[in-house]
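Numbering (our numbering), first residue to last: 31 to 436.
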């Protein structure tokens with residue numbers, strides 16, 4: 031659907047010498063299309079004002095920038111100065127696209143590990159319920175069954191609202207979204223309305239960006255203190271989660287989940303067993319007990335299933351219906367996928383584990399289901415957080431019979 035709006039509608043408090051009709055809001059000059067407003071702000075390596083000529087060549091209808099312009103990149107005479115532009119982009123994009131997140135049920139999932147699986151399992155659960163669901167995250171964006179890879183976990187803020195509008199316009203009724211710590215810290219989800227926030231866990235990752243675990247946790251916590259949030263689903267088996275749930279606002283319904291006996295949990299897993307068929311447990315929701323037999327592998331998937339159960343309970347689904355859904359959910363691509371194992375063939379398990387904690391969980395989880403030697407093939411390339419390399423090597427050596435480092 032083509033969208034157009036007078037710039038003055040987005041910037042009613044800014045004095046404009048001209049009031050063009052714009053066809054979109056764009057941060058990347060290469061992506062500018064005729065009539066788009068090019069938003070020129072400082073990036074990590076360059077300033078958008080350095081790409082104005084390219085934006086104009088692509089048909090930009092307006093150039094917006096946040097004053098003051100850098101001395102080496104003076105703003106063009108017709109560029110529009112917008113104080114606080116970086117922090118206004120989310121609200122501007124939300125308004126331009128007609129507040130798409132408010133038209134759908136929105137669940138945001140944050141945490142070091144488990145975001146992707148939880149999001150995909152929740153979208154799958156909605157699909158089984160007959161709800162037209164979408165997802166945004168590491169595997170891509172799109173409606174269930176038509177997710178397109180994007181290469182990022184959480185889109186930049188202008189693209190975020192455009193994606194949400196596309197999901198809404200495609201008939202989406204509910205969206206499960208991975209919300210990374212980077213996204214929360216950088217404002218990528220500004221003006222996105224969430225009904226439910228989910229916290230999976232907090233372990234070492236992204237310290238190259240956040241500096242220390244305290245700052246990393248503070249970034250995650252931002253998701254739980256947003257206006258309009260109705261429920262917080264938090265893993266109480268994580269020490270940070272226990273603290274987090276105590277900080278949510280009075281209007282937010284707290285739903286603690288636990289697979290390790292946390293007394294204050296609203297949703298918990300009891301009588302857990304692992305075998306060749308998958309995982310089995312009793313789902314207990316506010317005292318109501320229901321059996322679950324899941325084909326998923328790995329004890330950590332119990333926590334992912336509980337996160338899904340907590341989100342569904344927060345959205346007023348009945349405990350018996352939730353348990354039935356959990357038993358139907360199928361594995362996610364790249365998340366403890368099992369291949370082979372029949373007729374004497376070796377069993378291969380593929381998992382995306384890329385942090386020390388995730389690797390340890392994957393290896394110990396496989397041991398709980400399978401017999402025989404365990405061969406671990408892993409890598410941790412690139413220059414991001416090189417401190418986790420020796421940790422991952424030690425974990426692989428401890429839990430596997432053979433280790434192959436790529």
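Just so it is clear, CB atoms sit at the ideal spot from N, CA and C, and this is done for glycine as well.
A distance below 7 Å between beta-carbons, with the five flanking residues on each side excluded, links residue 376 to the following residues of its chain, in chain order: 370. In the structure shown, the three-state DSSP call for residue 122 is helix. In this structure, DSSP gives residue 97 a state outside helix and strand, which the three-state scheme calls coil. The distance from the Cβ of residue 165 to that of residue 205 is about 7 Å, consistent with a contact at the 8 Å cut-off.
Between residue 353 and residue 313 the beta-carbon gap is near 5 Å, inside 8 Å, which marks them as a contact. For the pair of segments examined, the stretch 214-225 was found to touch the stretch 186-195: the number of CB pairs separated by less than 8 Å reaches three. A Cβ-Cβ contact shorter than 8 Å links residue 391 with residue 328. Between residue 430 and the set 411, 407, 138, 421, the nearest pair of CA atoms involves 407. With a minimum length of 3 residues, the unbroken runs of beta strand (DSSP E) contained wholly in the stretch 315-365 fall at 318-324.
Rounded to whole angstroms, the separation of the alpha carbons of residue 339 and residue 296 is 10 Å.
For residue 158, the secondary structure class from DSSP, reduced to helix, strand or coil, is helix.
By the beta-carbon neighbour count (other beta carbons within 10 angstroms, threshold 16), residue 160 is exposed. Under the DSSP assignment, residue 284 falls in the beta strand (DSSP E) whose first and last residues are 283-288. Take residue 34, set aside five residues on each side of it, and the residues of its chain with a beta-carbon closer than 6 Å to its own are 51, 53, in chain order. A distance of 8 Å or more separates the beta carbons of residue 342 and residue 324. Between residue 266 and residue 275, the CB-CB gap stays under 8 Å. Scanning 246, 400, 218 for the CA closest to the CA of residue 305 turns up 400. Look at residue 205 here: in three-state DSSP terms it is strand. For the 8 Å CB-CB criterion, residue 261 and residue 287 do not form a contact. For residue 127, the CB contacts under 6 Å within the same chain, skipping 5 residues up- and downstream, are 191, 195 in chain order.
With a threshold of 16 other beta carbon atoms within 10 Å, residue 346 falls short and is exposed. The DSSP-derived three-state label of residue 227 is strand. The alpha-carbon separation between residue 57 and residue 197 amounts to approximately 21 Å. In the DSSP assignment, residue 406 is bridged to 433. Assignment of residue 399 by DSSP, reduced to helix, strand and coil, places it in the helix class.
Residue range 211-216 is occupied by the alpha helix (DSSP H) that includes residue 213. At the C-beta level, residue 36 and residue 67 stay beyond 8 Å of one another.
Taking the C-beta atoms as reference points, residue 381 is found nearer than 8 Å to residue 365. The way I'd put it, the stretch 96-104 doesn't touch the stretch 131-138; fewer than three beta-carbon pairs between them come closer than 8 Å. Closest in alpha carbon position to residue 383, among 434, 358, 410, 80, is 410.
Taking the Cα positions, residue 259 is about 22 Å away from residue 268. Closest by C-alpha distance to residue 140, out of 208, 255, 93, is 208. The beta carbon of residue 174 is closer than 6 Å to those of 153, 157, 163 in its chain, skipping five residues each way along the sequence.
Residues 59 of the same chain have their beta carbon placed closer than 6 Å to that of residue 81, with the five preceding and five following residues left out of the count.
With fewer than 16 neighbouring CB atoms inside 10 Å of its own CB, residue 257 falls in the exposed class. The residues 143, in chain order, have a CB closer than 7 Å to that of residue 388 in the same chain once the five nearest residues on each side in sequence are set aside.
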